[in-house]
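**Student:** In UniProt numbering, the protein residues as written are 1 to 170.
Every residue, glycine too, gets a C-beta built ideally from N, C-alpha and C.
Predicted, not measured: the structure shown is a model, and the values here were computed from it.
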């Protein structure tokens, strides 16, 4: 019962993170100081990605890279912020699921360990009981050898052993 509820909760959280990311993008574009910060972030990201693409395709990397205009930089930065937010939520959900699974597996391992310990103790007690029975058997064999064959076949009960037993018919 808990597993489907957790899965549904993580799905709802993941679904809600996209509109929250969009809202965050809109607010980031409106705040003046933050706007300048994200423009700088977008320009750095643009330079790095352009240089990386030039290296990958074998083009010259010493060419000056033109900066993005302000609106494109803001749009690129808020898109990046929104994607980072959604990715962070998805990553947190994955980490939560992995930890939950690990805890569940640890509980199962503990139960298995306890079962193995119980079986080991049972094995030891059965082994001890077997040794005791073997000792009793050896004692009975020694006692029977001492009395001979007639001692083994003699089933007469002494009064102290049998109490008040009825006499068999003659």
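Whose C-beta lies closer than 6 Å to the C-beta of residue 67 among residues of the same chain, with five residues either side of it excluded?
**Tutor:** Excluding sequence neighbours, residue 67 sits near 43.
**Student:** Excluding the five sequence neighbours on either side, which residues of its own chain have a C-beta within less than 7 Å of the C-beta of residue 160, listed in chain order?
**Tutor:** Note that residue 160 scores 47 on pLDDT, short of 50, meaning its location in the model is unreliable and no value can be drawn from it.
**Student:** What residue does the alpha helix (DSSP H) around residue 50 start on, and which one ends it?
**Tutor:** Looking at the DSSP string, the run of the alpha helix (DSSP H) that includes residue 50 is 32 to 57.
**Student:** Helix, strand or coil: how does DSSP classify residue 62 here?
**Tutor:** Three-state result, residue 62: coil.
**Student:** In angstroms, rounded to a whole number, what distance separates the CA positions of residue 50 and residue 94?
**Tutor:** Rounded to whole angstroms, residue 50 to residue 94 spans 31 Å at the Cα level.
**Student:** Using only alpha-carbon positions, find the residue among 41, 80, 48 that is nearest to residue 26.
**Tutor:** Out of 41, 80, 48, 80 has the C-alpha closest to the C-alpha of residue 26.
**Student:** Three Cβ pairs or more, each shorter than 8 Å: is that satisfied between the stretch 30 to 45 and the stretch 72 to 79?
**Tutor:** The stretch 30 to 45 vs the stretch 72 to 79: in contact.
**Student:** Can you list, in chain order, the residues of its chain whose CB lies under 8 Å from that of residue 60, leaving out five sequence neighbours each side?
**Tutor:** 54, listed in sequence order.
**Student:** Can you tell which of 107, 105, 46, 118 has its C-alpha closest to the C-alpha of residue 64?
**Tutor:** The shortest C-alpha separation from residue 64 is found at 46.
**Student:** Please classify residue 68: does DSSP put it in a helix, a strand, or coil?
**Tutor:** The answer is coil: DSSP assigns residue 68 none of H, G, I, E or B.
**Student:** Taking the C-alpha atoms as reference points, what is the distance between residue 125 and residue 137?
**Tutor:** Rounded to the nearest angstrom, the two C-alpha atoms are 18 Å apart.
**Student:** Less than 8 Å separating the beta-carbons of residue 39 and residue 83?
**Tutor:** No; because the gap between Cβ atoms is not below 8 Å, this pair is not in contact.
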